[in-house]
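What follows is a set of notes on a single structure, which appears directly below.
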Ligand SMILES: Nc1ncnc2c1ncn2[C@@H]1O[C@H](COP(=O)(O)OP(=O)(O)OP(=O)(O)O)[C@@H](O)[C@H]1O
Ligand SMILES: [Mg+2]
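In my numbering, the protein residues as written are 175 to 529.
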């Protein structure tokens, strides 16, 4: 089921939580709603579910305006951060519970359906346990099974993995992806974790302050951010931002001239910020002209990656080293060359992408 938000507005007294948002969630896709705390993710989800009424604007499921459709008739399954399982019921009873209202289903059929879902979410060995006797990941699976019980056309997940440890999070997000692909349910997955959003979704909606910043496939969002916020929010290690001005067709980072073609069409004297991803920079080869020179401040290794840090106009700029760490010492003056991806220019004041 396609979900379409049209000029959706939600105000809580003076606070505008969601500010005239237009989003289309594609049928059968998993879309991540990504953004920092307080940007309006849960509010959007709750309006889709019918838990919160919009202040203005429209929500369509397919061609239908659902303004007058109550929560229980929307065909939406929801999974919350705290799972909210019924503690006194067994796993089987929890999964069966939403089916109780389906009078046309005989008890045996309800149990049959619940067992199928338990199998899909891999909790079929745990049917007689109560939530208190399950691990976080197992509780999460039960919550997903329960949300799917009524065969919803839409599955809404609000930070469903945030109570789990790092390893289980990774495992569970792959599970959610698998279940979504097996059921073809249209899913909206709320998270503030960019890596989680990138790894799980077909499309990412990036939000800030109740407004949509960019809608794109995960890799497009990373490779082609539409503004400085998008560039900064995605990527680990984070992109390095260096302030400067355009002078004589070059980017001047304080006193250091930086050669980068992207500034050529920008007017002289404009205050701009250069965003440099760590993989976008390398030590120059002896036979190529350097784009700028800088002094090594430090170097470090994380797992299999070696990084060096130089300083540009007071800002640290990190880059991956492909060569032996020992060939460099702190304080060395090095020549650096940009690779052809991962460098962006932004307007200093608005953060708009210039090139
Ligand atoms: N019931 C409410 N009354 C007043 N303000 C609210 C209410 N619910 C949310 N807000 C405000 O609306 C804004 C958006 O809140 P929302 O819960 O949608 O953010 P979020 O993106 O889900 O954040 P988080 O990642 O922390 O869960 C915030 O500024 C919040 O304080
Ligand atoms: Mg929230």
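Glycine included, C-beta positions come from ideal geometry on N, C-alpha and C.
Burial state of residue 215 is buried, judged by a 10 Å Cβ sphere holding 16 or more other Cβ atoms.
When C-alpha distances from residue 211 are compared across 352, 407 and 512, the shortest belongs to 407. The three-state reading of DSSP puts residue 509 in strand, counting E and B together. Per the coordinates, the alpha-carbon of residue 470 lies some 12 angstroms from the alpha-carbon of residue 495.
Per the Cβ contact rule, the segment 184-191 is not in contact with the segment 339-356 (fewer than 3 Cβ pairs under 8 angstroms). The Cβ atoms of residue 368 and residue 208 lie closer than 9 angstroms to each other. Contact check for residue 374 against residue 323 fails: the beta carbons are separated by 9 angstroms or more.
The alpha-carbon of residue 486 is positioned some 10 angstroms away from that of residue 448. Taking 8 angstroms as the cut-off, one finds no heavy atom of ligand 1 near enough to the beta carbon of residue 403. Taking non-hydrogen atoms of ligand 2 into account, the C-beta of residue 216 is found less than 8 angstroms away from one of them. For residue 479, the enclosing beta strand (DSSP E) begins and ends at 479-486. Nearest neighbour of residue 257 by Cα position, chosen from 317, 450, 437 and 427, turns out to be 317. With contacts defined as CB atoms closer than 9 angstroms, residue 466 and residue 524 fail to qualify as a contacting pair. Straight-line measurement puts the Cα of residue 416 at about 14 angstroms from the Cα of residue 527. Relative to ligand 1, even the nearest heavy atom lies 8 angstroms or more away from the CB of residue 205.
Excluding residues up to 5 positions away in sequence, 196, 231, 232, 233 and 234 lie with their Cβ nearer than 8 angstroms to the Cβ of residue 180 in the same chain. Nearest Cα to residue 359 within the set 201, 383, 479 and 342: 201. Remark: C-beta atoms of residue 328 and residue 440 do not approach each other more closely than 9 angstroms. Between the alpha carbons of residue 476 and residue 410 lies a distance of about 12 angstroms. In the three-state reduction of the DSSP assignment, residue 181 falls in the strand class, which pools E and B.
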